[in-house]
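Numbering (this note's numbering), first residue to last: 10 to 389.
One structure below.
And the structure:
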């Protein structure tokens with residue numbers, strides 16, 4: 010029984026990170042669904058939810074105004090979520106450049122801010138930007154070209170980090186995002202992307218569905234689009250620059266928040282996990298999200314069962330040693346960094362451990378019925 014648990018745990022971890030991507034890749038080659046792209050110029054509304062972003066909101070607005078896109082087809086709406094600094098005053102300085110300010114009072118979070126703004130938009134396509142997101146000049150055109158395909162309802166771009174300065178969390182995060190982006194490209198060819206970044210996303214206005222304040226828009230809205238019969242696709246040439254989170258504690262808190270809201274999103278949208286609707290996407294959702302967020306369970310049972318099997322020979326001792334070295338190396342990275350050492354593999358191991366610890370923490374909150382409504386700005 011213990012052996013069965015051990016090997017099942019290994020199989021599930023390998024399936025989540027290797028088996029599913031490989032299976033999706035094979036299926037995408039057997040039955041590809043390419044996006045029929047074409048350059049188009051629909052009217053666009055860019056929504057930016059902001060809470061106390063005086064240090065970055067001006068640069069973000071300037072960045073959007075300088076995009077390669079007709080001025081008469083572009084509007085920018087900043088939703089100030091109860092900001093108490095100079096965010097509102099900075100936004101008002103751009104009032105004569107088709108930039109509008111909406112004030113959400115009292116503070117109610119990002120999701121409520123988007124729900125408020127959607128009734129004010131004039132564009133056929135709604136683009137979501139974070140308050141510190143900087144787009145490449147051609148990013149908007151690349152994003153919109155996918156909407157020439159009538160089956161596409163939601164498009165997400167590619168996040169690249171503006172300051173890969175060697176910080177451990179940032180380096181591990183960069184490696185993880187390369188993996189995620191490769192998987193998104195595969196999923197786009199197969200059916201629909203399961204996960205998006207949220208800083209450079211776009212949706213057809215008529216497909217937007219208001220969400221509860223506690224729901225994660227980066228997760229629930231794309232799932233809602235799939236539920237309505239449209240595709241969610243990834244556009245690697247729509248580039249977004251953001252700063253990495255330099256402190257592990259900041260990254261951890263952000264991951265706990267995102268994971269908690271993702272658990273609730275999966276619960277709210279659990280109908281998509283059934284095989285009676287879209288079985289292909291249900292398999293993707295189970296593999297990419299449900300099992301991925303529960304990977305901490307498989308890692309835990311693998312370590313515990315391996316411990317109980319140590320007396321049965323060198324094979325189990327070797328695997329146990331590999332696990333211990335991986336965890337020890339990940340935990341030792343702060344000390345190694347302080348002494349000037351850098352190890353890419355251990356950086357990735359550290360970030361892998363951080364993600365799974367955050368998921369475990371979030372699952373505990375989810376099991377207790379806790380929710381997080383207020384949106385915390387991402388710090389660089």
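C-beta: ideal position from N, C-alpha, C; glycine also.
Tell me whether residue i sits in a helix, a strand or coil according to DSSP, three-state version.
i: residue 27; result: helix
i: residue 105; result: helix
i: residue 168; result: strand
i: residue 396; result: Only positions 10 to 389 of the chain appear in the structure, and residue 396 is not among them; the question remains open.
i: residue 192; result: helix
i: residue 350; result: coil
i: residue 44; result: coil
i: residue 162; result: strand
i: residue 381; result: coil
i: residue 140; result: coil
i: residue 98; result: helix
i: residue 147; result: coil
i: residue 22; result: helix
i: residue 49; result: coil
i: residue 56; result: strand
i: residue 90; result: strand
i: residue 129; result: coil
i: residue 358; result: helix
i: residue 202; result: coil
i: residue 123; result: helix
i: residue 211; result: strand
Check each candidate in the options and name the one with the smallest Cα separation from residue i.
i: residue 200; options: 18, 37, 70, 14; result: 37
i: residue 228; options: 243, 191, 270, 258; result: 270
i: residue 188; options: 373, 237, 232, 245; result: 245
i: residue 71; options: 99, 81, 82; result: 99
Pull up the distance between the alpha-carbon of residue i and that of residue j, whole angstroms please.
i: residue 262; j: residue 215; result: 34 Å
i: residue 154; j: residue 311; result: 45 Å
i: residue 380; j: residue 39; result: 41 Å
i: residue 239; j: residue 53; result: 19 Å
i: residue 320; j: residue 17; result: 19 Å
i: residue 14; j: residue 295; result: 20 Å
i: residue 25; j: residue 298; result: 9 Å
i: residue 196; j: residue 95; result: 42 Å
i: residue 143; j: residue 314; result: 47 Å
i: residue 76; j: residue 184; result: 28 Å
i: residue 350; j: residue 363; result: 20 Å
i: residue 78; j: residue 205; result: 24 Å
i: residue 222; j: residue 378; result: 15 Å
i: residue 235; j: residue 241; result: 7 Å
i: residue 159; j: residue 219; result: 22 Å
i: residue 122; j: residue 137; result: 11 Å
i: residue 336; j: residue 359; result: 8 Å
i: residue 316; j: residue 329; result: 7 Å
i: residue 109; j: residue 82; result: 14 Å
i: residue 389; j: residue 283; result: At residue 389, the pLDDT of 46 sits below 50, so the modelled position is not reliable; the number obtained from the coordinates is stated separately. So the alpha carbons of these two residues sit roughly 39 Å apart.
Counting only the same chain and skipping the five closest in sequence on each side, list residues whose C-beta sits under 6 Å from that of residue i.
i: residue 73; result: 55, 85
i: residue 139; result: 208
i: residue 300; result: 25
i: residue 59; result: 66, 87, 89, 96, 140
i: residue 51; result: 133, 134
i: residue 231; result: 163, 205, 241
i: residue 339; result: 358, 359, 362
Report all residues from its chain with a CB closer than 7 Å to the CB of residue i; omit the five preceding and five following residues, and keep chain order.
i: residue 410; result: As displayed, the chain neither begins before 10 nor continues past 389, which places residue 410 out of reach and without an answer.
i: residue 93; result: 61
i: residue 12; result: 318
i: residue 375; result: 269, 272, 273
Report whether the distance from the Cβ of residue i to the nearest heavy atom of the ligand MG is below 7 Å.
i: residue 237; result: Of ligands this structure carries none, so the ligand MG is not represented either.
Runs of alpha helix (DSSP H) wholly within the region 224-298 (minimum 4 residues, chain order): Runs found: 226-236, 257-277, 288-294.
Enumerate, from N- to C-terminal direction, the unbroken alpha helix (DSSP H) stretches of 4 or more residues contained entirely within the region 304-340. Taking only runs of at least 4 residues, the alpha helix (DSSP H) segments lying wholly in the region 304-340 are 304-317.
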